[in-house]
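Residue numbers (the working numbering), protein chains in the order written: chain A, 1 to 297; chain B, 1 to 293.
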């Protein structure tokens, strides 16, 4: 009807629905331009890092800035990494993060299974405790925990960085997985029980295979938590060779001082390769992770 | 039934051990320690309320640390909340290549921590940094940023605006959960773009905004890494963030008792602020399916 009406409109006059579509397209184009400009601004710091890392010392301090170095110095990278045992830091970080992630995923999924599937006196109270300590700032337990690990003789080892992850990971991970397990139909458990499966079988053969996306989300959260962690390795590790990447990078800064920015930026760039790679591999789980926390409009 | 209960405690045992040894135990220990003088090398000595007296009446640095942290929070949180919301709104539009843009805006969140701190030290370098170089092109002589007492906190706020990916993702998830029929209904009622934003998007998103505000307050009060790496509290304690001061007391000066008292002060401030926000929420947060009295 409207179309017919519009078709009757005199030539040169634009029908309302055409006008509307045009207006929408103009709006969308403007939005695209804004988003593009914003993205460019977000990328400037990274471009600045890459550009600096390839300059020679003199050009680093050139005013005004020369974005593309007159001579691209790839050798900055090997040169930058000899002042501290950087490769060792990489290995340390991979080791600590790997062990912590495995522990966090494994134990938090076990505990979440208990909360989602098993009834016991005290369960609801314990769940309330879990929720309330989610909000507890880590600083409150920082000093006594340090003293505990010190008493156990764990200072300057990786145990304080890894063992807590094997004790349930973090309350948030348990909460997230419990919420996810609750969405899995109980009939599956019952069917397995009739077939004579024990609880651990149900966990391993039914819950875990069906929860792969949720478990992946927890793994990724745990990865970034441990890969970027700074305060705990700073407190617990004393020997320079044992540092993880973040502490190692900060040590590098104190060794080099604020002068050799080309080397510092090269080292920074190498440090972020690890989280960046994992991010690009695991990207699709990020929005999903946010959705899984149960936050829907 | 009994068996099931035993199984529950068995499955939950890793966390229960952690809860006792790494959370509840330390909470009690921290509380007790806060009434002692404990320099680690000798046994703790009971000194009653002396730590709290010193903290509240006799230590100017506590007030400085609170002032610094609060100034940062007041500057950073509203900006971050708003900017991240705007970015999420735009990245929820059917723009070509939107996935790529989302990745770009999220990227800084991936590398947060020490690398970001180092990068921004160089960006904010007064003479050779890219920011002041850019300002010079515009004919503005930029401030000394991290080296200036007035500008060091704005520096941290500016830097925090680069790292909004975490907030943005949560907003995006919320936006995608708003049912399209609400927009359609509003449109049939003749609502324009702005009206739809104010009467559909904002109320539907208010629980998510609320969540992000609470998390931002908790997070911002605990900021440590950038302050430790970039300024170590300087110049003249102008960036002495609260947790940095706590760290110095505990692990630089080994005043474990005093540091514990500081931790409790931090806890109660965060708790208080969270409660205030939660109480205010009934006035502005809209929960679908909940009747409002």
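We put the beta carbon where it would ideally sit given N, CA and C, even for glycine.
Along chain A, which residues have their Cβ under 7 Å away from the Cβ of residue 29 of chain B? 144
Can you tell which of B/217, B/10 and B/283 has its C-alpha closest to the C-alpha of residue 135 of chain A? B/217
Using a cut-off of 8 Å between C-beta atoms, extract the partners of residue 4 of chain B located in chain A. 118, 119 and 120
Check each candidate in A/23, A/18 and A/15 and name the one with the smallest Cα separation from residue 192 of chain B. A/23
Check whether residue 168 of chain A and residue 15 of chain B have beta carbons under 8 Å apart: yes
Is the stretch 25 to 40 of chain B in contact with the stretch 251 to 268 of chain B, if contact means three or more CB pairs nearer than 8 Å? yes
Buried versus exposed, by CB contacts within 10 Å (16 or more), residue 260 of chain A: buried
Alpha-carbon to alpha-carbon, residue 101 of chain B and residue 36 of chain A: 8 Å
Which of helix, strand or coil DSSP assigns to residue 74 of chain A: coil
Assuming residue 92 of chain A contacts residue 155 of chain A under a Cβ cut-off of 8 Å, what Cβ separation, rounded to an integer in Å, is found between them? Actually they are not in contact, since the Cβ atoms of residue 92 of chain A and residue 155 of chain A sit about 16 Å apart, beyond 8 Å.
Considering only their Cβ atoms, is the gap separating residue 254 of chain B from residue 221 of chain B smaller than 8 Å? no
Judging by CA-CA distance, which residue of A/173, A/38 and A/46 is the nearest neighbour of residue 221 of chain A? A/173
List the endpoints of the continuous alpha helix (DSSP H) containing residue 27 of chain A. 16 to 53
In the DSSP assignment, what are the bridge partners of residue 45 of chain B? B/37
Rounded to whole angstroms, what is the Cα-Cα separation between residue 176 of chain B and residue 92 of chain B? 8 Å
Minimum C-alpha distance to residue 224 of chain A - residue among A/196, A/279, A/50 and A/114: A/279
Using a Cβ cut-off of 9 Å, which residues of the stretch 263 to 282 of chain A contact any Cβ in chain B, in chain order? 264, 265, 267, 268, 269, 271, 272, 275, 276, 278, 279 and 280
Min CB distance residue 18 of chain B to chain A below 8 Å: yes
Residue 113 of chain B: contacting residues in chain D (beta-carbon distance under 7 Å): Although the question refers to chain D, the structure presented lacks it and instead comprises the protein chains A and B.
Less than 8 Å between CB atoms is the rule here; does residue 295 of chain A satisfy it with respect to chain B? Confidence at residue 295 of chain A is low in this model, with a pLDDT of 46, below 50, so the placement of that residue is unreliable and no value is reported for it.
Please determine if the stretch 250 to 268 of chain A and the stretch 193 to 202 of chain A are in contact, where contact requires at least 3 C-beta pairs separated by less than 8 Å. no
State the DSSP-derived secondary structure class of residue 222 of chain B, mapped to helix, strand or coil. coil
Compare the Cα-Cα distances from residue 89 of chain B to each of B/63, B/65 and B/168 and report the closest residue. B/168
Quick one: Cα of residue 252 of chain B to Cα of residue 49 of chain B, how far? 23 Å
If you measure from the beta carbon of residue 69 of chain B to each beta carbon in chain A, is any gap under 8 Å? no
Using 8 Å as the limit for Cβ to Cβ distance, is residue 231 of chain B near chain A? no
How would you label residue 163 of chain B, buried or exposed, when you count the other beta carbons within 10 angstroms and need 16 or more for buried? buried
Are there 16 or more other CB atoms within 10 angstroms of the CB of residue 226 of chain A, so buried, or fewer, so exposed? buried
Note down, one range per segment and in chain order, each beta strand (DSSP E) of at least 3 residues found wholly within the stretch 91 to 157 of chain B. none
Here's a check: name, in chain order, each residue in its chain whose Cβ is nearer than 7 Å to the Cβ of residue 233 of chain B, leaving out the five neighbours to either side. 227, 239, 240 and 244
Reduced DSSP secondary structure (H/G/I, E/B, other) of residue 258 of chain A: coil
Any contact between the stretch 147 to 167 of chain A and the stretch 50 to 63 of chain B? By contact I mean 3 or more CB pairs, one from each, below 8 Å. no
I want to see whether chain A comes within less than 8 Å of residue 9 of chain B, judged by CB atoms only; does it? yes
With 8 Å set as the bound, which would you pick, yes or no: does the beta-carbon of residue 39 of chain A sit closer than that to a beta-carbon of chain B? yes
Residue 105 of chain B to residue 114 of chain B, Cα distance in whole Å? 19 Å
Between residue 232 of chain A and residue 177 of chain A, which are expected to be in contact by the criterion C-beta below 8 Å, what is the C-beta distance as a whole number of angstroms? That pair is no contact at about 23 Å.
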